[in-house]
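Working notes for the structure below.
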Amino acid sequence: MDEIDINILKLLQKNAKYSLEEIGEELKIPKSTVAYRIKRLESLGIIKGYYAQIDPNALNLDYVVISLIKAKYGKDYHVNLGSKLAELPGVWGVYFVLGEIDFIVMARYRNREEFMRNFLEKLMNMPEIERSNTQVVVKIIKESPNMVIW
Numbered sequence: 001m002d003e004i005d006i007n008i009l010k011l012l013q014k015n016a017k018y019s020l021e022e023i024g025e026e027l028k029i030p031k032s033t034v035a036y037r038i039k040r041l042e043s044l045g046i047i048k049g050y051y052a053q054i055d056p057n058a059l060n061l062d063y064v065v066i067s068l069i070k071a072k073y074g075k076d077y078h079v080n081l082g083s084k085l086a087e088l089p090g091v092w093g094v095y096f097v098l099g100e101i102d103f104i105v106m107a108r109y110r111n112r113e114e115f116m117r118n119f120l121e122k123l124m125n126m127p128e129i130e131r132s133n134t135q136v137v138v139k140i141i142k143e144s145p146n147m148v149i150w
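Take 1 as the starting number for the sequence shown in the working numbering and just add one per residue.
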């Protein structure tokens with residue numbers, strides 16, 4: 001990857017609907033070069049897809065929780081429990097981590113009742129979990145779906 005590839009990625013993250021012409025004009029390169037570079041980035045798996053950025057607050061999904069999960073160890077526990085956590089309604093991020101805890105789970109809900117019903121009660125009934133510690137986010141300072149590209 002070179003500077004042109006990085007700049008193409010930056011522009012596509014900003015607005016995936018940019019046309020090849022607009023990207024070419026912005027970067028001062030031919031449209032055919034832009035098309036070739038994007039196809040190459042897709043074939044390499046660097047660009048995995050194009051998505052609409054949806055505002056969760058507009059959908060009233062502003063009850064954000066972060067759960068720290070300590071699992072019971074066993075064969076493939078991280079794969080099995082990780083998959084179960086990922087399938088819970090409202091969950092948008094599951095991270096297997098090293099240290100005192102095993103998983104960080106991030107989820108969004110409309111309110112406390114929905115959180116209790118769709119997440120916390122199900123979490124408490126999972127035998128693979130030794131304990132959990134859930135934090136409710138009071139204010140989001142920064143949140144972005146974009147990768148940081150230098």
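Positions of the beta carbon are idealized from the N, C-alpha and C atoms, including for glycine.
Exposure of residue i, with buried meaning 16 or more beta-carbon neighbours within 10 Å
{"i": "G82", "result": "buried"}
{"i": "Y152", "result": "Since the first residue of the chain shown is 1 and the last is 150, residue 152 is not available in this structure."}
{"i": "S19", "result": "exposed"}
{"i": "A35", "result": "exposed"}
Residue i in three-state terms, based on DSSP
{"i": "L12", "result": "helix"}
{"i": "I6", "result": "helix"}
{"i": "I17", "result": "Reading off the sequence, residue 17 comes out as Lys, not Ile. Reduced to three states, the DSSP call for K17 is coil."}
{"i": "G24", "result": "helix"}
Continuous beta strand (DSSP E) stretch holding residue i: start and end
{"i": "F103", "result": "F103 to Y109"}
{"i": "K70", "result": "Y63 to A71"}
{"i": "R131", "result": "I129 to V136"}
Integer Cβ distance of residue i from residue j, believed to fall under 8 Å
{"i": "L27", "j": "N57", "result": "With 8 Å as the limit, L27 and N57 do not qualify as a contact, their Cβ atoms being about 33 Å apart."}
{"i": "Y63", "j": "R112", "result": "6 Å"}
{"i": "I101", "j": "K75", "result": "Not quite, the Cβ-Cβ distance comes to about 20 Å (not below 8 Å), so this is no contact."}
{"i": "V105", "j": "V97", "result": "Actually they are not in contact, since the Cβ atoms of V105 and V97 sit about 11 Å apart, beyond 8 Å."}
For residue i, the residue or residues it bridges with in DSSP
{"i": "G93", "result": "M106"}
Span of the alpha helix (DSSP H) around residue i
{"i": "R40", "result": "K31 to S43"}
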